[in-house]
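Asks: I'd like to ask you about the structure that follows.
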Amino acid sequence: MPVHVDLRDGVAVLTLDRPPVNSLDLTLRRDLRAALAMVMTNPAVQAVVLTGGTRHFSAGADIEEFASGVRGGATAVPTLPDVIIDLDQAAKPVVAAIAGTCLGGGLEVALGCHHRVVAPNASLGLPEVKLGILPGAGGTQRLPRAIGVNAALDMILSGTPVNAAKAAKLGLATLSTGDLIEDAVAVARQAARDGAKPRLSLQRAEMPADAGADWFQQRMNGLKRPLPAPLACIEAVRAAVELPFNQGLQKEFNLFRELVVTPESKALQYAFFAERRAARIDGLAADARPRAIERVAVIGAGTMGSGIATVAANAGLEVILLDRDEASVRKGLAGITKSYESAVAKGRMDEAERDRRLGRLHTATDLAACAAVDLVIEAAFEDMGVKQDIFRTLDKVCGPDTILASNTSTLDLDAIADITSRPENVVGLHFFSPAPVMRLLEVVRGAKTAPAVLATAMTLSRKLGKVGVVAGVCNGFIGNRMVEELLRQAYFLVDEGLLPWQVDGALERWGMAMGPFATMDLAGNDIGRAIRVGRAAAGDDRPYSTFPDKVCALGRFGQKTGKGYYQYDPATRARETDPEIDALAQAHAKEIGLPPRVIGDDEIVARCLLALANEGAALLGEGIAQRASDIDVVYLNGYGFPAHKGGPMYHADSLGLENVLRLMEGFLGGYQGQFWRPAPLLWEKASAGRRLTA
Ligand code: 3HC
């Protein structure tokens with residue numbers, strides 16, 4: 001039974017037990033309702049405690065049920081709002097005893113209870129907006145009544161959970177300092193004695209003291225992106241203030257039903273499960289046990305190496321940061337210290353935590369220092385000779401079980417592994433810059449990488465707070481190999497007469513966090529040039545625009561030189577268009593000499609995004625990526641693809657693969673059309689009427 005009932009001297013303790021996370025599916029809703037009815041009619045019970053064990057009070061509604069008909073569906077009776085009304089109107093006091101995650105519908109259940117007691121590890125939030133929906137089981141009505149309209153809207157719009165201390169500060173719950181259940185039972189007994197059943201549904205929602213008449217409109221105007229879900233969240237909270245409770249509840253439920261079927265929500269639900277699927281490695285033997293990683297060495301104290309060292313220290317690992325000379329390691333460590341100081345100054349970290357993290361960071365200038373570590377992550381200069389030299393030495397100095405990882409973004413991992421006597425212990429760990437911020441980690445599986453090493457890398461990625469995605473060996477792995485095709489189209493568009501900011505503008509209006517030209521300015525145009533040179537040297541003679549080389553020739557390497565495809569304000573780094581680049585692009589297009597034509601946003605977006613999807617299909621066909629959804633996870637977490645569009649592969653599916661083929665056929669006859677031959681897998685799936693992401 002997913003709800004256990006335990007009687008403790010007049011108090012019934014109901015424990016939700018629906019692994020893995022107590023999501024409130026139809027079975028759990030039915031059982032909870034039945035258990036509640038039972039204890040309400042039992043004369044031996046004076047009060048009730050509702051809990052969910054030590055790790056998950058509840059992760060909320062069962063997201064799989066949002067797809068109509070799955071496991072009865074979210075609207076099957078009893079719905080979650082039905083069960084919460086039972087709690088709200090219970091004849092005996094009900095106390096929620098919350099440990100671990102209490103999210104979405106889980107928090108709405110807790111808000112339906114008369115009291116909330118939280119353990120120190122509790123994390124309470126309404127993350128529905130991240131799924132393109134709104135809290136649909138009373139959260140938009142009860143939370144403003146519990147903590148005020150402003151704080152509630154902040155929680156609902158950000159989707160970010162608060163910890164136990166903050167929850168107590170907001171007046172959302174009482175912090176338990178001892179045994180959670182004993183404390184909750186004590187509160188329940190007291191409530192039974194007092195006859196106290198405070199119901200949020202009977203309270204008023206407090207507006208901020210200085211709120212003007214257009215307060216809600218201002219919150220709408222302040223949204224970064226006016227997507228359906230955040231707009232509906234504001235509308236529902238407004239109803240909490242303006243309508244009687246039951247009408248507000250009805251409004252919220254209606255909005256929920258509309259939102260859950262929007263394309264944005266479907267894409268976000270897909271992205272949620274795609275991320276979890278990415279953790280699974282196809283064909284990995286059951287005995288591929290991850291190894292323990294406690295001590296790590298990071299080679300290279302530049303921006304990337306220091307970033308990786310920071311991530312490892314943040315995750316509680318002992319770290320040795322290495323570079324060739326004292327000055328370099330000192331500079332790296334100083335950068336890390338500065339970032340911790342800034343976190344302390346902003347109140348994001350306390351001094352004790354800063355000291356703990358700094359205490360885990362050690363430095364060295366000799367690779368011999370790697371002798372006793374469990375894992376080495378090499379983040380040296382992107383040059384095969386340099387990396388092979390390092391791996392040759394590491395192979396000699398490290399223990400036989402030490403895992404040797406390279407952060408290479410484009411080089412052949414197998415050629416690095418084969419220089420060692422232990423290619424089975426070599427893996428790629430491709431972090432994205434800035435490493436402490438970017439969630440993506442491409443885990444590159446070499447031809448000889450042992451299953452246990454791959455499993456270790458994936459487990460480590462989780463420990464580091466990253467989303468690990470497995471990729472096979474090829475130039476650029478998943479993300480960079482695909483982005484090369486997007487860039488190729490972006491530069492061709494300049495050949496055809498567009499200006500860089502026009503291409504960026506179209507893609508940013510569509511939803512990309514940053515257009516390709518601004519992205520290259522951030523990454524460094526000299527890096528892009530080095531990659532092109534490397535590819536050409538490796539025999540890649542496919543046509544490429546010469547425009548980026550002309551920009552590099554002017555020393556315009558991007559943000560780091562103050563100028564690239566844009567010019568940057570030295571103080572704020574704000575980007576501005578630059579007449580010099582416009583003139584260069586116009587002269588370049590004139591030189592190419594194509595007849596002028598109008599190229600609209602639709603074509604810009606279609607060419608850039610379908611170039612990604614086609615290359616993604618090629619990668620999938622070659623077995624470099626395990627599944628289309630993994631490719632989407634790469635783009636959502638490493639390349640600023642808007643989550644509400646699901647990723648490049650999901651986007652192609654949303655257009656319909658037949659339509660994708662039709663569009664590509666149209667481009668085939670255009671400028672440099674040879675790049676529009678569909679990847680065999682795309683063709684196959686389209687012809688069979690199937691999807692890439694199915
Ligand atoms: N519904 C269905 N399945 C869920 C789920 C949910 N709400 N939350 C987690 N799961 C599943 C995952 O898919 C995964 O399944 P798998 O093992 O088959 O891949 C399993 O539970 C474990 O999840 P994680 O791997 O994510 O476990 P973690 O321990 O890393 O994280 C968590 C736990 C923080 C709870 C995280 O899973 C999470 O954030 N879950 C979603 C929370 C959420 O968005 N809740 C709101 C739901 S919508 C809602 O409540 C609507 C309501 O207002 C009506």
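Residue numbers (full-length UniProt numbering): 1 to 694.
Built from N, CA and C at the ideal position, the CB exists for glycine as well.
Decide if the segment 428–448 is in contact with the segment 465–478; the criterion is three or more beta carbon pairs, one per stretch, under 8 Å apart.
Replies: Touching, yes.
Asks: Can you tell me whether Thr337 is helix, strand or coil according to DSSP?
Replies: For the purposes of this step, residue 337 is taken as the residue at position 337 of the sequence shown. The answer is helix: DSSP assigns Thr337 an H, G or I state.
Asks: So if DSSP puts residue 731 in a beta bridge, which residue, or which two residues, is it bridged to?
Replies: Any question about residue 731 goes unanswered here, given that the chain covers just 1 to 694.
Asks: From Val149 to Thr449, what does the alpha carbon distance come to, in whole angstroms?
Replies: As a working mapping, residue 149 is identified with position 149 in the sequence shown. As a working mapping, residue 449 is identified with position 449 in the sequence shown. One C-alpha to the other measures close to 53 Å.
Asks: Does the distance from the CB of Gly321 to the CB of Val329 come in under 7 Å?
Replies: Locating residue 321 in the sequence shown gives position 321, where the first residue counts as 1. Locating residue 329 in the sequence shown gives position 329, where the first residue counts as 1. Just to set this straight, residue 321 is Leu in the shown sequence, not Gly. In this structure, Val329 lies closer than 7 Å to Leu321 by Cβ.
Asks: Looking only at DSSP bridge pairs, what is Thr363 linked to?
Replies: As a first step, residue 363 must be located in the sequence shown, where it is residue number 363. DSSP output for Thr363 lists Leu321 as bridge partner(s).
Asks: If you draw a straight line from the alpha carbon of Pro543 to that of Glu485, how long is it in whole angstroms?
Replies: If you number the sequence shown from 1, residue 543 lands on position 543. If you number the sequence shown from 1, residue 485 lands on position 485. The alpha-carbon atoms of Pro543 and Glu485 are separated by roughly 11 Å.
Asks: What are the start and end residues of the beta strand (DSSP E) that includes Asp653?
Replies: Counted from its first residue, the sequence shown places residue 653 at position 653. Asp653 -> not in any beta strand (DSSP E); alpha helix (DSSP H) instead, spanning 648–655.
Asks: Got a sec, what are the start and stop residues for the beta strand (DSSP E) Leu636 sits in?
Replies: What you label residue 636 is simply residue 636 of the sequence shown in a count that begins at 1. Note, Leu636: premise wrong, no beta strand (DSSP E); alpha helix (DSSP H) at 628–638.
Asks: Cα-Cα, which of Asp401, Tyr340, Pro451 is closest to Cys370?
Replies: Start at 1 with the first residue of the sequence shown, and residue 370 comes out as number 370. Nearest C-alpha to Cys370: Asp401.
Asks: Quick check on the burial criterion: 16 or more other C-beta atoms within 10 angstroms. Buried or exposed for Gly593?
Replies: Here residue 593 refers to the residue found at position 593 of the sequence shown. Classification for Gly593: exposed.
Asks: What did DSSP end up calling Thr51 once you bin it into helix, strand or coil?
Replies: Looking up residue 51 in the sequence shown gives position 51. Strand, per DSSP.
Asks: Might you give, ordered along the chain, the residues of its own chain that have their beta carbon closer than 7 Å to the beta carbon of residue 696, omitting 5 neighbours on each side?
Replies: Any question about residue 696 goes unanswered here, given that the chain covers just 1 to 694.
Asks: Hey, is the segment 285–294 in contact with the segment 326–345, meaning 3+ C-beta pairs nearer than 8 Å?
Replies: No, they do not touch.
Asks: Run through DSSP, which three-state label would Asp31 get?
Replies: In the sequence shown, residue 31 corresponds to position 31, counting from 1. Helix, per DSSP.
Asks: How would you label Glu378, buried or exposed, when you count the other beta carbons within 10 angstroms and need 16 or more for buried?
Replies: Here residue 378 refers to the residue found at position 378 of the sequence shown. Buried: at least 16 other Cβ atoms inside 10 Å.
Asks: In the DSSP assignment, find the unbroken alpha helix (DSSP H) run with Thr15 in it and report its ends.
Replies: Position 15 of the sequence shown, counted from the start, is the residue given in the question as residue 15. Note, Thr15: premise wrong, no alpha helix (DSSP H); beta strand (DSSP E) at 11–16.
Asks: Might you give, ordered along the chain, the residues of its own chain that have their beta carbon closer than 7 Å to the beta carbon of Lys645, omitting 5 neighbours on each side?
Replies: Translated into positions along the sequence shown, residue 645 becomes position 645. Only Ala267, Gly511, His651 meet the Cβ criterion.
Asks: Are the segment 94–107 and the segment 52–68 in contact at 8 Å, needing three or more beta carbon pairs?
Replies: Cβ pair count under 8 Å is three or more, so yes.
Asks: Can you find a heavy atom of the ligand 3HC that lies under 6 Å from the Cβ of Val469?
Replies: Your numbering for residue 469 matches position 469 in the sequence shown. No - the ligand 3HC has no heavy atom lying nearer than 6 Å to the Cβ of Val469.
Asks: Flag this pair as yes or no: are the beta carbons of Arg280 and Ala452 separated by less than 7 Å?
Replies: Position 280 of the sequence shown, counted from the start, is the residue given in the question as residue 280. Position 452 of the sequence shown, counted from the start, is the residue given in the question as residue 452. Not closer than 7 Å, so no.
Asks: Since I believe Ala574 is in contact with Tyr565 (beta carbons under 8 Å), could you give me their beta-carbon distance rounded to a whole number of angstroms?
Replies: For the purposes of this step, residue 565 is identified with residue 565 of the sequence shown, where counting begins at 1. For the purposes of this step, residue 574 is identified with residue 574 of the sequence shown, where counting begins at 1. In fact, because the Cβ distance is near 14 Å, the residues do not count as touching under 8 Å.
Asks: Among Cys474, Ile336, Val427, which has the Cα closest to the Cα of Pro434?
Replies: Here residue 434 is taken as the residue at index 434 of the sequence shown, counted from 1. When each option's Cα is compared against that of Pro434, the closest is Ile336.
Asks: In terms of residue numbering, what span does the beta strand (DSSP E) encompassing Gly465 cover?
Replies: Within the sequence shown, numbered from 1, the residue matching residue 465 stands at position 465. Element bounds for Gly465: n/a, residue is neither H nor E.
Asks: Just list the residues that DSSP pairs Leu429 with in beta bridges.
Replies: Looking up residue 429 in the sequence shown gives position 429. According to DSSP, which records beta bridges pairwise, Leu429 is partnered with Val443.
Asks: To test your reading of the DSSP string, which unbroken alpha helix (DSSP H) runs of 4 or more residues are found completely within the segment 372–421?
Replies: Runs of the alpha helix (DSSP H) inside the segment 372–421: 384–397, 413–417.
Asks: Is Ser23 a contact residue of the ligand 3HC, with contact defined as CB to any heavy atom under 6 Å?
Replies: By 1-based counting over the sequence shown, the position of residue 23 is 23. Answer for Ser23: yes, Cβ within range of the ligand 3HC.
Asks: Below 7 Å between beta carbons: does that hold for Pro678 and Met664?
Replies: For the purposes of this step, residue 678 is identified with residue 678 of the sequence shown, where counting begins at 1. For the purposes of this step, residue 664 is identified with residue 664 of the sequence shown, where counting begins at 1. Going by C-beta atoms, Pro678 is nearer than 7 Å to Met664.
Asks: For Gly136, is the beta carbon positioned less than 6 Å from some heavy atom of the ligand 3HC?
Replies: Start at 1 with the first residue of the sequence shown, and residue 136 comes out as number 136. The answer is yes for Gly136.
Asks: Just checking my contact of Ile156 with Thr140 at CB under 8 Å: how many whole Å lie between their CB atoms?
Replies: Start at 1 with the first residue of the sequence shown, and residue 156 comes out as number 156. Start at 1 with the first residue of the sequence shown, and residue 140 comes out as number 140. Ile156 to Thr140, Cβ: 6 Å. Contact.
Asks: Give a single yes or no on whether Pro127 has its beta carbon closer than 6 Å to a heavy atom of the ligand 3HC.
Replies: Reading the sequence shown from its first residue, position 127 is the one you call residue 127. Because some heavy atom of the ligand 3HC lies under 6 Å away, the Cβ of Pro127 counts as near it: yes.
Asks: Is Gly60 near the ligand 3HC - that is, is its Cβ less than 6 Å away from at least one heavy atom of it?
Replies: Translated into the one-based positions of the sequence shown, residue 60 becomes position 60. Yes, the ligand 3HC has a heavy atom inside 6 Å of this Cβ.
Asks: Do you know whose CA, among His430, Ala490, Asp383, lies nearest Ala530's CA?
Replies: Position 530 of the sequence shown, counting from 1, holds the residue named residue 530. Considering only alpha carbons, the answer is Asp383.
Asks: Apply the 10 Å Cβ neighbour rule to residue 759 and answer buried if 16 or more other Cβ atoms are within range, or exposed otherwise.
Replies: Nothing can be reported for residue 759: it is not among the residues displayed for the chain, which extend from 1 to 694.
Asks: Quick check: what's the CA-CA separation for Gln672 versus Ala617?
Replies: Taking the first residue of the sequence shown as position 1, residue 672 is located at position 672. Taking the first residue of the sequence shown as position 1, residue 617 is located at position 617. Each residue's Cα considered, the two are about 20 Å apart.
Asks: Relative to the C-alpha of Met520, which candidate in Ala536, Ala538, Pro500 has its C-alpha closest?
Replies: Within the sequence shown, the letter at position 520 stands for residue 520. Nearest C-alpha to Met520: Pro500.
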